[in-house]
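>
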Amino acid sequence: MRERYIEQVFEYGGVMSVPGATILHADLDAFYASVEQLLDPALRGRPVAVGGGPNGGVVLAASYEAKAYGVQGGMPGWRAARLCPELVFVRGHFREYQRLGDAVMDVLADVTPEVERISIDEAFLDVSGATHLFGPPAAIGARIREQVRAEVGLPISVGAARTKHLAKIASQVAKPDGLVVVAPGHERVFLDPLPVGLIWGVGPVNEQRLADLGIRTIGELARTPSSAVEHVLGLAVGHKLSAMAHDEDPRRVVTTRHARSVGAQSALSRRAPDRDDVRAVLAHLADRVSRRLRAKGRAGRTVTVAVRLAGMQRSTRSRTLSVPVAATLTLTEVSEQLAWSAIEAAAPCEITLLGISVSQLADQRSVQLELDLEPPDPWRPGSAPGAARSAVDASMDAIRTRFGGDAVGYLPVVLRGDGAVPDEFRELAEHDL
DNA sequence: TCTGGGGTCCTAGGACCC
DNA sequence: TCTGGGGTCCTAGGACCC
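FYI, the numbering for the first sequence is 0 to 432, going by numbering that gives the first Met the number 0.
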C-alpha cells in the first residue's frame with residue numbers, strides 16, 4: 000500500500016494530525032478492469048481490456064497492466080490488440096459494476112452523509128463534520144481505502160485537500176492505489192510542477208492551445224495574466240482555468256443534483272439513411288428517453304437530435320416546443336423531423352450514429368396535458384390526441400414494471416432486436432433525474 | 001482497422017421585445 | 001432618409017468529463 004503525504008515531502012512528519020484538508024476525492028482504480036480481475040483470479044496481473052475486441056468496438060476500460068502498453072479507454076479494440084498482443088478482452092459484467100460501485104458508495108456513506116457521487120466509481124466527500132469521529136482527513140482517507148479493499152476487494156485512490164479541484168488532482172496523483180493529502184499552506188508547492196492537463200476542464204485541445212503560449216505546468220499557468228489565457232481559451236474557460244491555477248475553487252460538495260438533460264444514442268454500422276431504418280432507431284431511442292422521463296415524473300421542452308456522419312463529423316438539430324414532452328410517440332415524431340433536417344443538409348451521406356436528447360426539463364406533474372396544449376401543428380400531422388398517447392405510455396410503463404422491459408414495445412422497437420451495447424452498460428452511465 | 005454511451009457547460013449569431 | 005441599447009430566448013457547434 001502506498002501512502003504519500005505532501006506535507007511529509009515538503010515539511011512536517013506529523014501529518015495525521017493536520018486538519019483542514021477536509022474535501023476528499025475517492026476514485027476507484029481502473030474500475031471495470033479491476034472488477035474483472037476480482038471476479039476471475041486468472042486475470043490478475045495480466046493486461047485486461049473490457050469491451051472492444053480485435054475485430055471491432057472500443058475498449059471501455061484497461062487494467063494497469065494493459066495501460067503500461069499504452070492501451071486506454073475509448074481506443075478501438077484492434078488498436079489495443081496491436082499495442083498489446085497478450086491483451087485479454089473480456090465482455091464485461093455490467094451488473095457487477097453497478098453492484099460493487101454501489102457497495103463502495105455505502106462505505107463512503109458510513110463516513111459522512113456529505114457524499115457527492117459524480118459517476119459509477121467516483122465521489123467527493125466533505126469530511127469536516129466527521130473528523131471528531133474518525134480523526135483528521137488523512138486518517139479518514141486511509142480508513143476508506145482499507146475498508147473498500149477489505150469489504151469490496153477493490154483498489155481505490157483518495158486525494159484530500161481544501162478544495163474539490165485540488166482533492167481531485169491529488170487523487171489522480173495518488174493513482175494507482177494511493178493516498179495523497181495536500182495540507183493547507185502547501186497548495187502552491189504541490190500544484191506548480193504539475194502538468195496543466197490535470198486541471199479539470201483541460202483536454203487535448205486546450206492543452207495544445209496553452210502549449211502554444213509556452214504554458215505546460217500549472218505554475219506557468221498561474222504566472223500568466225488571466226487576460227492572455229482568456230484571449231486564447233475564451234472568457235469563461237480562461238477565467239475558470241486561471242482561478243483553478245490560483246487554487247481558487249468555490250465549489251461545495253453537493254449531495255443532490257438534478258439532471259439538466261436526458262439522452263440516448265446508438266452507433267450504427269455505416270449506412271445510407273433509410274426512412275424505415277431511421278424511424279426504427281429513433282423510436283427505440285425515444286422509447287428509452289421518454290420512459291426514463293416518465294419514471295421520474297419529468298418532461299422536457301427542447302428536443303435535440305444528433306447525427307454522426309461517416310468521417311465522425313456530427314450535426315445536430317434542435318427544436319424547443321411550447322410545452323414539455325414525455326410521450327414516446329411525440330418524441331419519436333419530432334426527432335424524425337429533426338434527423339431528416341440534418342441528414343438532408345448533408346446529403347448525399349452515410350450515417351454512423353443517431354442520438355436524441357431532451358433538455359429544459361420540468362416536473363411533468365405541474366405541466367399536465369402536454370399534448371392537448373400544443374396548437375395544431377405541422378410537426379404531428381394526423382397525430383393522436385395527447386390523452387390517448389399518455390394513456391398508451393402509462394399502460395406500457397405499467398406492463399414493463401411488472402413483466403420486464405422487453406415485455407411490450409412499439410413495433411419498430413420490437414423488430415429491432417440487435418442492440419450493440421447491452422442495456423446494463425447504458426444504465427451504468429445514466430445520471431439520476 | 002475504423003472509432004461507445006451517458007452527461008455538463010460555453011459561444012456566437014439571430015430573432016424578438018421593450 | 002434613416003433608425004439606440006439592453007435583455008432574453010433559441011439554435012448549432014464545440015470542448016470536456018467519466
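The C-beta atom is built at its ideal place from N, Cα and C for all residues, glycine as well.
What are the residues that DSSP puts in a beta bridge with residue 75?
The residue you call residue 75 lines up with position 76 of the first sequence. Paired residue(s): 57.
> My assumption, with CB atoms under 8 Å, is that residue 341 sits in contact with residue 314. Please give the rounded CB distance.
Here residue 341 is taken as the residue at index 342 of the first sequence, counted from 1. Here residue 314 is taken as the residue at index 315 of the first sequence, counted from 1. That pair is a contact at about 4 Å.
> Taking the continuous beta strand (DSSP E) assigned at residue 85, which residues delimit it?
Locating residue 85 in the first sequence gives position 86, where the first residue counts as 1. First-last for residue 85: undefined, no H or E at that position.
> When you compare the CB positions of residue 305 and residue 269, do they come within less than 8 Å of one another, or not?
Stepping through the first sequence from its first residue, residue 305 is reached at position 306. Stepping through the first sequence from its first residue, residue 269 is reached at position 270. No, the Cβ-Cβ distance between residue 305 and residue 269 is not below 8 Å.
> Residue 350 and residue 272 - do their beta-carbons sit closer together than 8 Å?
In the first sequence, counting from the first residue as 1, residue 272 sits at position 273. In the first sequence, counting from the first residue as 1, residue 350 sits at position 351. Yes.
> Go ahead and pull the three-state DSSP assignment for residue 273.
Against the first sequence, residue 273 aligns to sequence position 274. It is coil, neither helix nor strand.
> Alpha carbon to alpha carbon, what distance is there between residue 248 and residue 420?
On the first sequence, residue 420 is found 421 positions in, with the first residue counted as 1. On the first sequence, residue 248 is found 249 positions in, with the first residue counted as 1. Rounded to whole angstroms, residue 420 to residue 248 spans 38 Å at the Cα level.
> Have a look at the DSSP bridge pairing and note the partners of residue 123.
What you label residue 123 is simply residue 124 of the first sequence in a count that begins at 1. Beta-bridge pairing links residue 123 to 24 and 115.
> For residue 130, which three-state DSSP category applies?
In the first sequence, counting from the first residue as 1, residue 130 sits at position 131. The answer is helix: DSSP assigns residue 130 an H, G or I state.
> Leaving aside the five residues before and after residue 290 along the sequence, list all residues of the same chain whose C-beta is less than 7 Å from its C-beta, in chain order.
Within the first sequence, the letter at position 291 stands for residue 290. Counting only Cβ-Cβ distances below 7 Å, and skipping sequence neighbours, we find 396.
> Near residue 56, what residues of its chain come up, given a Cβ to Cβ distance below 7 Å and the 5 sequence neighbours on each side ignored?
As a first step, residue 56 is located in the first sequence; it is residue number 57 there, counting from the start. These residues qualify, in order along the chain: 50 and 76.
> Taking a contact to mean a Cβ-Cβ separation below 8 Å, would you say residue 42 touches residue 70 in this structure?
The residue you call residue 42 lines up with position 43 of the first sequence. The residue you call residue 70 lines up with position 71 of the first sequence. By the CB criterion at 8 Å, residue 42 and residue 70 fall outside the cutoff.
> Please classify residue 185: is it buried, with 16 or more other beta-carbons within 10 angstroms of its beta-carbon, or exposed?
Here residue 185 refers to the residue found at position 186 when the first sequence is read from its first residue. Result: buried.
> Buried or exposed: which applies to residue 36, given that a residue is buried once 16 or more other Cβ atoms fall within 10 Å of its Cβ?
Taking the first sequence and counting its residues from 1, one reaches residue 36 at position 37. So residue 36 counts as buried.
> What does DSSP give as the partner residue(s) for residue 266 in the beta ladder?
Residue numbering aside, residue 266 sits at position 267 when the first sequence is read from its first letter. Its beta-bridge partners are 352.
> For the stretch 176-191 against the stretch 201-214, are there 3 or more C-beta pairs whose distance is under 8 Å?
no
> Is residue 3 helix, strand or coil by DSSP?
Within the first sequence, residue 3 is the residue found at index 4, counting from 1. Strand, per DSSP.
> Whose C-alpha, out of 392, 307 and 324, is nearest the C-alpha of residue 362?
Locating residue 362 in the first sequence gives position 363, counting from the first residue. The shortest C-alpha to C-alpha distance from residue 362 to any of 392, 307 and 324 is the one to 324.
> With DSSP as the reference, label residue 398 as helix, strand or coil.
As a working note, residue 398 is residue 399 in the first sequence. Looking at residue 398 - three-state DSSP - the assignment turns out to be helix.
> Could you pull out every residue in the same chain whose Cβ sits closer than 7 Å to the Cβ of residue 167, ignoring the five residues on either side in sequence?
Here residue 167 refers to the residue found at position 168 of the first sequence. These residues qualify, in order along the chain: 24, 158 and 199.
> In three-state DSSP terms, what is residue 327?
Against the first sequence, residue 327 aligns to sequence position 328. Looking at residue 327 - three-state DSSP - the assignment turns out to be helix.
> Would you say the stretch 138-150 touches the stretch 172-181, given that touching needs at least three Cβ pairs under 8 Å?
Because the criterion of three Cβ pairs below 8 Å is met, the stretch 138-150 and the stretch 172-181 touch.
> Between which two residues does the beta strand (DSSP E) carrying residue 214 extend?
Position 215 of the first sequence, counting from 1, holds the residue named residue 214. In the DSSP assignment, residue 214 falls outside any beta strand (DSSP E), carrying neither H nor E.
> Between the beta-carbon of residue 138 and the beta-carbon of residue 20, is there less than 8 Å?
For this step, residue 138 is matched to residue 139 along the first sequence. For this step, residue 20 is matched to residue 21 along the first sequence. Their beta carbons are not under 8 Å apart, which means residue 138 does not touch residue 20 by this criterion.
> Between which residues of its own chain and residue 285 is the CB-CB distance below 7 Å, once the five residues before and five after are set aside?
For this step, residue 285 is matched to residue 286 along the first sequence. Once the five neighbours on either side are set aside, the close Cβ partners of residue 285 are 327, 330, 331, 334 and 355.
> Given a cut-off of 8 Å, decide if residue 319 and residue 297 are closer than it, judged by their beta-carbon atoms.
Position 298 of the first sequence, counted from the start, is the residue given in the question as residue 297. Position 320 of the first sequence, counted from the start, is the residue given in the question as residue 319. Not a contact, by the Cβ cut-off of 8 Å.
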